[in-house]
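Data first, discussion second: the structure below is written as C-alpha cells.
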Amino acid sequence: MQIIKLLKEIVLTYAGPNAVGIVDLLHDKKNVNEFLIAKKLNLTINQTRNILYKLADEGLVSFIRKKDKKKGGWYTYFWTLNISKSLSRYKEKIESDINNLKSQLTSKKTRTFYFCKNCHIEYNEENALLNEYTCPECGEILAIKDPSEAIDHINKEKEKIDSLKKLIDSELELVNDKEGKSRIRKMKAEVKKKEEERRKKRKLKAKEREKEKKKIKPLKKKKKTSKK
Ligand SMILES: [Zn+2]
971 MQIIKLLKEI VLTYAGPNAV GIVDLLHDKK NVNEFLIAKK LNLTINQTRN ILYKLADEGL
1031 VSFIRKKDKK KGGWYTYFWT LNISKSLSRY KEKIESDINN LKSQLTSKKT RTFYFCKNCH
1091 IEYNEENALL NEYTCPECGE ILAIKDPSEA IDHINKEKEK IDSLKKLIDS ELELVNDKEG
1151 KSRIRKMKAE VKKKEEERRK KRKLKAKERE KEKKKIKPLK KKKKTSKK
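With this note's numbering, you'll find the sequence shown wraps up at 1198, consecutive numbering, no jumps.
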C-alpha cells in the first residue's frame, strides 16, 4: 500500500531507521501498549519511548496513559499513529525543502561561484574576492565554476520532491475523505441512537399513561356511582 510506504518514510525522517517498524504496528490500530511495541521492535522500553517521544514532538503519534498497579503504580503509555497529521506535518517539511531548492537555484543562476581545480573547494563571490581569487590551500588561481551541472542536479532533486508532494496531497485527500465519511457515519449512528431512545421513552410513557388510565377508570366509576 502506498500510504504505508509513505508513513515509513515520514517516520524514518523524524526518528531514524529503528523507528520504521512502528508503522506496521500502529497504522490500523489504536492505543497500542508500549511494551508490546518494544517487544515487536526488539528494542528496550527506553529506546522505544525515545522514538515515540520524538514522533510525538512532531505530532505524528499521540498517547493515553494508565496507571499500572502491577508495575508499582507506574504509568503505561498506549500509542496511536495520527495518519492525517503525519502527512500534513511532512507536507510542511517538503514545502520548505522545495523553497530551499528554489532559492538555491536562483543563487546558482544569478551569482558567480569560483573553484580550485586542485582542491575542488567552491567559493562564492565574496570569499573568492577575500582570497584575491587565489586558493588559500594551494595557491592556484580560482576558476569560474560553470553552474549548469549544479542547476541540473537541483532541478532533478526538485522534480523528485515535487512528485513526492503530489503523492502526499493525494494520500492526504484520501485520508481526510475517509475521516470525513467516518465522522458522518458516526453522526448518523448517533442520530439513530437518539431516535431509538426517544422512541423507547415514548413507548414507556404510553405504557405509563395506559396504567394511569386503568387506575383512573375505576375511580371515575366510583364517582359516577356516588353521584347517583
Ligand atoms: Zn587549491
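Built from N, CA and C at the ideal position, the CB exists for glycine as well.
For clarity, every value in this text was computed on a predicted model and none was experimentally measured.
Where residue i falls, given that 16 or more other Cβ within 10 Å makes a residue buried
i: E1178; result: exposed
i: I1021; result: buried
i: S1073; result: exposed
i: I974; result: exposed
i: L976; result: buried
i: A1113; result: exposed
i: V1161; result: exposed
i: I1138; result: buried
i: I1007; result: buried
i: L1174; result: exposed
N-terminal and C-terminal residue of the alpha helix (DSSP H) that residue i is part of
i: V993; result: I992 to L996
i: L1100; result: E1095 to L1100
i: Y1023; result: I1015 to D1027
Endpoints, beta strand (DSSP E) assigned at residue i
i: D1116; result: Segment: none, D1116 is in no beta strand (DSSP E) and carries neither H nor E.
i: R1035; result: V1031 to D1038
Other residues of its chain near residue i: CB distance less than 7 angstroms, five sequence neighbours each side excluded
i: Y1047; result: E1004, F1033 and R1035
i: K1037; result: G1043 and Y1045
i: A985; result: I1021, K1024 and L1025
Residue i beta carbon near ligand 1 (any heavy atom closer than 7 angstroms)
i: N1088; result: yes
i: E1107; result: yes
i: E1092; result: no
i: E1110; result: yes
Neighbourhood of residue i by C-beta, 8 angstroms cutoff - its chain only, sequence neighbours within 5 removed
i: E923; result: This structure does not reach residue 923, given that the chain is present from 971 up to 1198, and the question cannot be answered.
i: N1052; result: G1029, L1030, V1031 and S1032
i: K1079; result: P1117 and I1121
Contact set for residue i: own chain, Cβ-Cβ below 6 angstroms, skip 5 residues either direction
i: K1198; result: The pLDDT assigned to K1198 is 45, lower than 50, so where the model puts this residue is not dependable, and the model offers no usable value.
Any 3 or more C-beta pairs closer than 8 angstroms across the stretch 1112–1127 and the stretch 1067–1084: yes
With three or more beta-carbon pairs closer than 8 angstroms as the criterion, would you say the stretch 1126–1136 touches the stretch 1098–1105? no
Three or more C-beta pairs under 8 angstroms: does that hold for the stretch 992–1006 against the stretch 1064–1078? no
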